[in-house]
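K.L.:
As they're listed, the protein sequences go chains A and B.
Just so you know, our numbering puts 544 at position 17 of the first sequence, and the rest follows in order with no gaps.
Just so you know, our numbering puts 1217 at position 34 of the second sequence, and the rest follows in order with no gaps.
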Amino acid sequence: MTKTRFFFIAPLLVFLVMVGYFAIGLTKDPSVLPNMLEGKPVPEFSLAPLQGRDDIGFKNTDLMGDVTLVNVFGSWCVACLIEHPFLMAIKAQDLIPIHGIDWREEDRTAGPLWLKKHGDPYTRAGDDPVSKAAIAFGVTGAPETFLVDQKGIIRFKHVGPITEPIWRDTLQPLIEALRKEGAS
Amino acid sequence: MTAELGHFALILAMFIAMVQATLPLIGAQRNMPVWVELANPASYIQLALTTFAFACLLHVYLISDFTVVNVVQNSHTDKPLIYKIAGTWGNHEGSLLLWVFILALFGAAVALFGRNLPPAFKARVLSVQAMIAIGFYLFMLLTSNPFERISPAPLNGTDLNPLLQDPGLAIHPPLLYLGYVGFSVAFSFAIAALIEGRVDAAWARWVRPWTLAAWVFLTGGIVLGSWWAYYELGWGGWWFWDPVENASFMPWLAGTALLHSAVVVEKRDTLKGWTVLLAIVAFSMSLLGTFIVRSGVLTSVHAFATDPTRGVFILLLLAIVIGGSLALFAWRGPQLKGSGLFQPISREGALLFNNLVMATGLAAVLLGTLYPLFIDVVGGAKISVGAPFFNAVFLPLMVPMIIAMALGPFLNWKRGDVMPALARLRFVAILALAAGAAAWSIETDGPFMGVIGIALAVWLGGGVIAEVCERIHLFKAPIAESFRRLNRMPRATWGMSFAHFGMALAIAGMSGAGGWKVESIQTMKPGETITVSGYDYRFDGATSSKGPNYSVIAGSFTVFKDGQEFTVLKPEKRFYPVTQMPTTEAAIHTTLMGDLYAVIGDEEGTDGSFVTRIYYNPLVVWMWIGTVVMMFGGALSISDRRHRVGVPQRSKTPVIAKPTASV
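#1: Excluding the 5 residues preceding and the 5 following A:S658 in the sequence, name in chain order all residues of the same chain whose CB lies nearer than 8 Å to its CB.
#2: So, helix, strand or coil for B:N1429, using DSSP?
#3: Taking the alpha-carbon positions, what's the B:L1498 to B:L1279 distance?
#4: Are the stretch 644-652 of chain A and the stretch 608-618 of chain A touching by the rule of at least three beta carbon pairs closer than 8 Å?
#5: Is B:G1417 helix, strand or coil by DSSP?
#6: Under 8 Å between beta-carbons, which chain B residues line up against A:R532? List them in chain order, please.
#7: Kindly confirm or deny that the stretch 1388-1395 of chain B and the stretch 1730-1740 of chain B touch, where touching means at least three C-beta pairs closer than 8 Å.
#8: Which ranges does the alpha helix (DSSP H) cover as unbroken runs of at least 4 residues, wholly within the stretch 1540-1595 of chain B, from first to last along the chain?
#9: Quick check on this structure: which residue in B:T1767, B:M1197, B:I1463 and B:N1299 has the alpha carbon closest to the alpha carbon of B:V1368?
#10: Could you give the C-beta distance for B:T1185 and B:V1243, rounded to a whole number, given that I count them as a contact under 8 Å?
#11: Give a yes or no on whether the C-beta atoms belonging to A:H685 and A:R651 are separated by under 7 Å.
#12: Are the C-beta of B:L1524 and some C-beta of chain A separated by less than 7 Å?
#13: What are the boundary residues of the alpha helix (DSSP H) that B:M1314 is part of?
#14: Residues of the stretch 536-548 of chain A in Cβ contact with chain B at a cutoff of 9 Å, in chain order, please.
#15: I need the straight-line Cα distance from B:V1252 to B:M1323, nearest angstrom please.
#16: For B:G1438 versus B:A1465, is the C-beta distance shorter than 7 Å?
#17: Should B:T1453 be labelled buried (16 or more other beta-carbon atoms within 10 Å of its own) or exposed?
#18: List the residues of chain A that B:T1260 touches, going by C-beta distances under 9 Å, in chain order.
#19: So is A:V594 buried or exposed if we call it buried at 16+ other beta carbons inside 10 Å?
#20: Buried or exposed, going by whether 16 or more other CB atoms sit within 10 Å of the CB of B:M1707?
#21: Taking DSSP's pairing of strands, which residues face A:F585 in a bridge?
#22: B:G1791: which of B:L1208, B:G1523 and B:T1726 sits nearest, CA to CA?
#23: Do A:L574 and A:D655 have their CB atoms nearer than 7 Å?
#24: Could you spell out the range, first to last residue, of the beta strand (DSSP E) harbouring A:T595?
#25: Return the Cβ separation of B:F1525 and B:V1459 in integer angstroms, given the expectation that the two are a contact with Cβ distance under 8 Å.
#26: Find the residues of chain B that neighbour A:L642, judging by a C-beta separation of less than 8 Å, and give them in chain order.
#27: Per DSSP, B:K1744 is paired with what?
#28: Would you identify the three-state DSSP class for A:T690, choosing helix, strand or coil?
#29: Closest to B:A1689 by C-alpha separation, out of B:K1729, B:A1640, B:S1820 and B:L1442, would be which residue?
#30: Counting only beta-carbon atoms, is A:V597 nearer than 7 Å to chain B?
#31: Does B:P1626 pass the burial test, meaning 16 or more other C-beta atoms within 10 Å, or should it be called exposed?
#32: Got a sec: is the Cβ-Cβ distance from B:P1337 to anything in chain A below 7 Å?
#33: So for B:G1784, helix, strand or coil by DSSP?
#34: What residue from B:F1793, B:L1309 and B:A1303 has the CA that sits closest to B:G1710's CA?
#35: Between which two residues does the alpha helix (DSSP H) holding B:H1275 run?
#36: Can you list, in chain order, the residues of its chain whose CB lies under 8 Å from that of B:I1586, leaving out five sequence neighbours each side?
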């Protein structure tokens, strides 16, 4: 290959190497990408109960013993409303316990009212007006959902509303795998 | 209904683009004038349809139609009108629509203003434009539809990120996109040239005004973003080497290199392959920039996981456009043989040196920007490459380039001599050293880079003035003769002088602000006074009030200089209840020597004390003035009559190898 020929081919080669790198890297394991808290135990927290809900609050030790979802929501959050019917469906079919963190309510009655109006999918729920638990979980926005295993270890974090494809392709397989892992 | 009409217009536009991408190309290849002529009307129809689609999105924003997801997520009824408009493009889907709209705009502009292009070449250019458009239409329609509905419709929207509710940022994306998309024209010209296997002086002359236009817009877009960061983020900084900033800087570097190498192609018939490659790279970087900002790919690979369809589509699109054009380059490029030979020390040599530095700088920025992603992909820790890396790599690269920038215009084409050029610049050199020494003596323990920067600014600025004097034979010929020469200087030459001089001003600004910034953070009681850089700031307390969609705490400082009242600064801290986000509005008093910059923070205790931050940012205003001068230079160069008058003649030499297949 002559020198000039190489000059014309080199850019393509460089580009192909880059594409190859990304393609391999991204297909490796696209569902479980590293997250700061994934693989770590749930941070310690203890939240007051939501008003009007006969509940004893919500704390990190509640998450031991079962595969669970922890869902961060708020009455002010429009995307939570989009996600909400799906959570209700999960509850109706009793697929997995969902615990709620009612995040950054200016008015303490807003969250409970919202649940009353739209339905309450949560097994346990805690009130987190000043982001105590949210900061510990590293929540960036609502809705955000954490998958926690039997030992209280965060295994997956989903940012944004849970949708049918996300449930089907990511959450459900992961949950089944975790349950098997726990049983064996 | 409006949303559906917009959606429909987009689908229609895609089919038009499909026609435009194929028939004119085949027509040009097989010599069928009827098919070739399809390119023009297709471009106009595409523009009409995308304009209509964009108007539809604008309409649903203006009437706050919360049955459209996009409006819900980015708007609110209380939002001021200008930000309802800006909200249209302040999000992923809407910005893509703006992108295709601008692409159609440029396509129609080529169809309209490209009358002096050979019909077959123009048809190929427009076909390539349409291919790019198809990729974007598909991306929007399949993964990012701005017109998607939501049911049940929420009562109100979630509002636009308040940081973006700012006049500067409202027009920043359109300017930036005019730059990004503008490079698509240079790209299409390059691809068309590769298909024809011919690049000559006429080609370089055609491509130059389009590249210049893109460059002017991109420069404006970058500076506007930088200016916004300066006054809105409240840290007195203006460039953070953040991935988003780098994303806009990389096409700028490639585009700047392209402008200079196109000159060599036009004047000296050489560096052809390199110039074509730069055109491809400039647009590739623009595509990368578009997607980096909007997809969040660079901040985290997570973006791919949370929305795999988009991520995969983006990767595919980038692979096809960039990989395809580079493959074409590898295949057809070797046929672009230049005829001009030159010595290393010559005008061409200086321009090539500029190109190499720009390319190296680009590679460094690209590496630093992508590196965290590489590490993330292989499952390593989350790392970030910050300012120290970029400053250490990029700034030293710029020093020799700026030295050469003043010298280059003094060198002859083909073979230059560096000694006479240096001799003509000796006074400028002495002046530059003196300026550096003066800057150093004011503050001997100041940063060394700042001292070098001031010296370089004087060197470059002086060099530009010396070059103009030389050109008009000032003091060597009678003054009337000098005036005659000044009058007859082509606009393109003026453009270069202005752009280079603007660069000198900007370097002075960057050196001052980067080198001698003074920062003071403290808690202040009302009535308390603090001195920063010779100015006494008296804190007069803060008041609360309400804006249209936010609450505000406004502080007040009375600034005294030598006991005289100098100015009053009123920084604000705003809180947007809908998004629950605070923003800072810095108060800035600009002087030619430096900016007085005050920010108010949180309240401390109960006696009306506040955390305050006071900065003195030397010479910042020259950065803004300098870039405006650079843009003016670019615009002046576009208006040069040789871009408009007379049909550039293609070289008589036959096409070296006959094109055999359409690509």
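Glycine included, C-beta positions come from ideal geometry on N, C-alpha and C.
Since this is a predicted model, take the numbers as computed values, not measurements.
P.N.:
For this structure:
#1: In the first sequence, counting from the first residue as 1, residue 658 of chain A sits at position 131. Here the set comprises W630, R631 and V666.
#2: For the purposes of this step, residue 1429 of chain B is identified with residue 246 of the second sequence, where counting begins at 1. The answer is helix: DSSP assigns B:N1429 an H, G or I state.
#3: Within the second sequence, residue 1498 of chain B is the residue found at index 315, counting from 1. Within the second sequence, residue 1279 of chain B is the residue found at index 96, counting from 1. Rounded to the nearest angstrom, the two C-alpha atoms are 16 Å apart.
#4: yes
#5: For the purposes of this step, residue 1417 of chain B is taken as the residue at position 234 of the second sequence. Correct three-state label for B:G1417: coil.
#6: Looking up residue 532 of chain A in the first sequence gives position 5. Near A:R532 (Cβ distances below 8 Å), the residues of chain B are P1517.
#7: no
#8: 1570-1590
#9: Residue mapping note: residue 1368 of chain B aligns to position 185 of the second sequence, counting from 1. B:V1368 has its Cα closest to that of B:I1463, out of B:T1767, B:M1197, B:I1463 and B:N1299.
#10: Working through the second sequence from its first residue, we reach residue 1185 of chain B at position 2. Working through the second sequence from its first residue, we reach residue 1243 of chain B at position 60. Sure, about 6 Å apart at Cβ, within 8 Å.
#11: Numbered from 1 along the first sequence, position 158 holds the residue referred to as residue 685 of chain A. Numbered from 1 along the first sequence, position 124 holds the residue referred to as residue 651 of chain A. No.
#12: Reading the second sequence from its first residue, position 341 is the one you call residue 1524 of chain B. Not closer than 7 Å to any Cβ of chain A, the Cβ of B:L1524 fails to qualify, so no.
#13: Counting from one through the second sequence, the residue named residue 1314 of chain B turns up at place 131. It spans P1302 to T1326 - the alpha helix (DSSP H) in which B:M1314 sits, taken as one unbroken run.
#14: I536, A537, P538, L539, L540, V541, F542, L543, M545, V546 and Y548
#15: As a working note, residue 1252 of chain B is residue 69 in the second sequence. As a working note, residue 1323 of chain B is residue 140 in the second sequence. Cα to Cα, the separation comes out at about 14 Å.
#16: Mapped onto the second sequence, residue 1438 of chain B falls at position 255. Mapped onto the second sequence, residue 1465 of chain B falls at position 282. Cβ atoms of B:G1438 and B:A1465: closer than 7 Å.
#17: Your numbering for residue 1453 of chain B matches position 270 in the second sequence. Buried is the call here.
#18: By 1-based counting over the second sequence, the position of residue 1260 of chain B is 77. The premise fails here: B:T1260 is roughly 13 Å from chain A at the closest Cβ pair, so nothing lies under 9 Å.
#19: For the purposes of this step, residue 594 of chain A is taken as residue 67 along the first sequence, with counting starting at 1. It is buried - the Cβ of A:V594 has at least 16 other Cβ atoms within 10 Å.
#20: Reading the second sequence from its first residue, position 524 is the one you call residue 1707 of chain B. The residue is buried, with at least 16 neighbouring Cβ atoms inside 10 Å.
#21: For the purposes of this step, residue 585 of chain A is taken as residue 58 along the first sequence, with counting starting at 1. Beta-bridge pairing links A:F585 to A:L574.
#22: For the purposes of this step, residue 1791 of chain B is taken as the residue at position 608 of the second sequence. Among B:L1208, B:G1523 and B:T1726, the Cα nearest to that of B:G1791 is on B:T1726.
#23: Walking along the first sequence from the start, residue 574 of chain A turns up at place 47. Walking along the first sequence from the start, residue 655 of chain A turns up at place 128. In contact: A:L574 and A:D655 (Cβ atoms closer than 7 Å).
#24: Here residue 595 of chain A is taken as the residue at index 68 of the first sequence, counted from 1. Taken as a continuous stretch (DSSP letters only), the beta strand (DSSP E) holding A:T595 covers T595 to F600.
#25: Numbered from 1 along the second sequence, position 342 holds the residue referred to as residue 1525 of chain B. Numbered from 1 along the second sequence, position 276 holds the residue referred to as residue 1459 of chain B. Not confirmed; about 19 Å, so no contact.
#26: As a first step, residue 642 of chain A must be located in the first sequence, where it is residue number 115. Result: empty, since nearest Cβ-Cβ is about 17 Å, beyond 8 Å.
#27: Locating residue 1744 of chain B in the second sequence gives position 561, counting from the first residue. BP columns for B:K1744 point to B:Q1747.
#28: Counting from 1 along the first sequence, the entry for residue 690 of chain A is found at position 163. Note: A:T690 maps to coil in three-state DSSP.
#29: Within the second sequence, numbered from 1, the residue matching residue 1689 of chain B stands at position 506. Residue B:A1640 is the option with its Cα nearest to B:A1689.
#30: Numbered from its first residue, the first sequence carries residue 597 of chain A at position 70. For A:V597, the answer is no, since every Cβ of chain B falls outside 7 Å of its Cβ.
#31: The residue labelled residue 1626 of chain B in the question sits at position 443 within the second sequence. Going by the sequence as given, residue 1626 of chain B is Glu instead of Pro. Looking at its Cβ environment, which holds fewer than 16 other Cβ atoms inside 10 Å, B:E1626 is exposed.
#32: Counting from one through the second sequence, the residue named residue 1337 of chain B turns up at place 154. For B:P1337, the answer is yes, since a Cβ of chain A falls inside 7 Å of its Cβ.
#33: Here residue 1784 of chain B corresponds to residue number 601 of the second sequence, with the count starting at 1. Looking at B:G1784 - three-state DSSP - the assignment turns out to be strand.
#34: Stepping through the second sequence from its first residue, residue 1710 of chain B is reached at position 527. It is B:F1793 whose Cα lies nearest to the Cα of B:G1710.
#35: By one-based count along the second sequence, residue 1275 of chain B stands at place 92. Per DSSP, B:H1275 belongs to the alpha helix (DSSP H) from H1275 to F1296.
#36: Position 403 of the second sequence holds residue 1586 of chain B. The residues are L1639 and W1642.
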